[in-house]
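Trainee: Numbering (my numbering) for the sequence shown: 25 to 238.
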Amino acid sequence: MNIKWLGHACFKLTSEKGTVIVTDPFDESVGYPMPNVKADIVTSSHSHFDHNYFKAVKGNFDIVDTVGEHNIKGINIKGVNTFHDDEHGAKRGKNIVFVFDIDGIRVCHMGDLGHVLTEKQVEEIGPVDVLLIPVGGYYTIDAKQAVEVMNQLKPKITIPMHYKTEFINFPIDTVDNFLEMTGGKKILSTEIGITKKDLEGEPKVIALNYQYSV
């Protein structure tokens, strides 16, 4: 499978068969230009403008924005209820964590998670091979809390998201603190191919580069 970072919390996940999932598409007012992307499935973790701008995505796609089990175009998707803050949603509402089973690899997209997970949530999420996690703080968990969630889920590959870059004006932190805490590295590519063999060995933290592509 292939994972491409489109900016903010938006990724393009492509299976070996070519099925495309786009997560949390954003309105360009966030600062990133939204690329011309076509999808079969689009997920939204919550109904904020920077995570549910479906108009930005092309194609005849299915929308998944609810908790529970879904099977669409051969892809198993599980939505788990969490919160956008650390006050049980009192400040920013609910957030859905999505787990995708793609080519036998379990990819977990945390959306705008605002708290460390409970034991029940960890159990509901289940095993995680690849973790896509917010690290910028303020609206979501910060770098320190992201490390705690990593320790809870124990993924083999972690890819940070939802952090400050030159394109975005949100009052959130850059990825640097998170990479320093985890010994992670930035790569020049916007995307990464992952097979089951890549899940072997020591866990890795990889920050993808952002680059606009038409």
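Built from N, CA and C at the ideal position, the CB exists for glycine as well.
Just so we're clear, the structure is a prediction, and the values are computed from it rather than from any experiment.
With DSSP run on the structure shown, which of helix, strand or coil describes Thr182?
Mentor: Start at 1 with the first residue of the sequence shown, and residue 182 comes out as number 158. Of the three classes helix, strand and coil, the one that applies to Thr182 here is strand, per DSSP.
Trainee: What ranges does the alpha helix (DSSP H) occupy inside the region 133 to 160, keeping only unbroken runs of at least 4 residues that lie completely in it?
Mentor: Within the region 133 to 160, the complete alpha helix (DSSP H) runs of at least 4 residues are 143 to 149.
Trainee: Do you know whose CA, among Glu52, Glu40, Asn201 and Val123, lies nearest Gln145's CA?
Mentor: As a position in the sequence shown, residue 145 is number 121, starting the count at 1. Considering only alpha carbons, the answer is Val123.
Trainee: Any idea what DSSP makes of Glu93, helix, strand or coil?
Mentor: Counting from one through the sequence shown, the residue named residue 93 turns up at place 69. Glu93: strand per DSSP, three-state reduction.
Trainee: Do you know offhand how far Gly217's Cα is from Ile27's?
Mentor: Here residue 217 refers to the residue found at position 193 when the sequence shown is read from its first residue. Here residue 27 refers to the residue found at position 3 when the sequence shown is read from its first residue. The straight-line gap from Cα to Cα measures roughly 6 Å.
Trainee: May I ask which residues mark the beginning and end of the alpha helix (DSSP H) holding Asp200?
Mentor: Numbered from its first residue, the sequence shown carries residue 200 at position 176. Residues Asp200 to Thr206.
Trainee: Hey, would you say Val66 sits closer than 8 Å to Phe85, going by beta carbons?
Mentor: Locating residue 66 in the sequence shown gives position 42, where the first residue counts as 1. Locating residue 85 in the sequence shown gives position 61, where the first residue counts as 1. Going by C-beta atoms, Val66 is nearer than 8 Å to Phe85.
Trainee: Indicate, with yes or no, if the ligand SAH has a heavy atom lying under 7 Å from the CB of Leu212.
Mentor: Looking for the ligand SAH in the displayed structure turns up nothing, as the structure carries no ligands at all.
Trainee: Taking the Cβ atom as the reference point for each residue, do Glu40 and Asp127 lie within a distance shorter than 8 Å?
Mentor: Translated into the one-based positions of the sequence shown, residue 40 becomes position 16. Translated into the one-based positions of the sequence shown, residue 127 becomes position 103. Result yes, Cβ atoms of Glu40 and Asp127 sit closer than 8 Å.
Trainee: Determine contact between the region 181 to 191 and the region 155 to 166, defined as no fewer than three beta-carbon pairs at a distance below 8 Å.
Mentor: With the cut-off at 8 Å, the region 181 to 191 and the region 155 to 166 touch.
Trainee: Measuring CB to CB, does Ile129 end up less than 8 Å from Lys228?
Mentor: Sequence index remark: in the sequence shown, residue 129 carries index 105 (1-based). Sequence index remark: in the sequence shown, residue 228 carries index 204 (1-based). Not in contact: Ile129 and Lys228 (Cβ atoms no closer than 8 Å).
Trainee: Going by Cα to Cα distance, which pick from Gly42, Ala63, Asn76 and Ser69 is closest to Val54?
Mentor: Counting from one through the sequence shown, the residue named residue 54 turns up at place 30. Checking every option, the nearest Cα to that of Val54 belongs to Asn76.
Trainee: What does Leu37 pair with, by DSSP beta-bridge criteria?
Mentor: Your numbering for residue 37 matches position 13 in the sequence shown. DSSP, once it has assigned bridges, lists Ile27 and Ile45 as partnering Leu37.
Trainee: Skipping 5 residues on each side, what residues in its chain have a beta carbon closer than 6 Å to that of Glu93?
Mentor: Within the sequence shown, residue 93 is the residue found at index 69, counting from 1. Cβ neighbours of Glu93 beyond the five flanking positions: Lys102.
Trainee: Quick test of your reading: Ile211 and Ile181, contact by CB under 8 Å. State the CB separation rounded to the nearest angstrom.
Mentor: Counting from 1 along the sequence shown, the entry for residue 211 is found at position 187. Counting from 1 along the sequence shown, the entry for residue 181 is found at position 157. Not a contact, Cβ separation roughly 12 Å.
Trainee: Who are the Cβ neighbours of Asn105 in its own chain at under 6 Å, not counting the five residues just before and after it?
Mentor: As a first step, residue 105 must be located in the sequence shown, where it is residue number 81. Counting only Cβ-Cβ distances below 6 Å, and skipping sequence neighbours, we find Val91.
Trainee: Using alpha carbons as the reference points, say which of Cys132, Gly42, Glu111 and Leu177 lies closest to Cys34.
Mentor: Start at 1 with the first residue of the sequence shown, and residue 34 comes out as number 10. If we check each option's Cα against that of Cys34, Cys132 comes out closest.
Trainee: Taking only three categories from DSSP, how would you classify Glu52?
Mentor: Within the sequence shown, residue 52 is the residue found at index 28, counting from 1. Reduced to three states, the DSSP call for Glu52 is helix.
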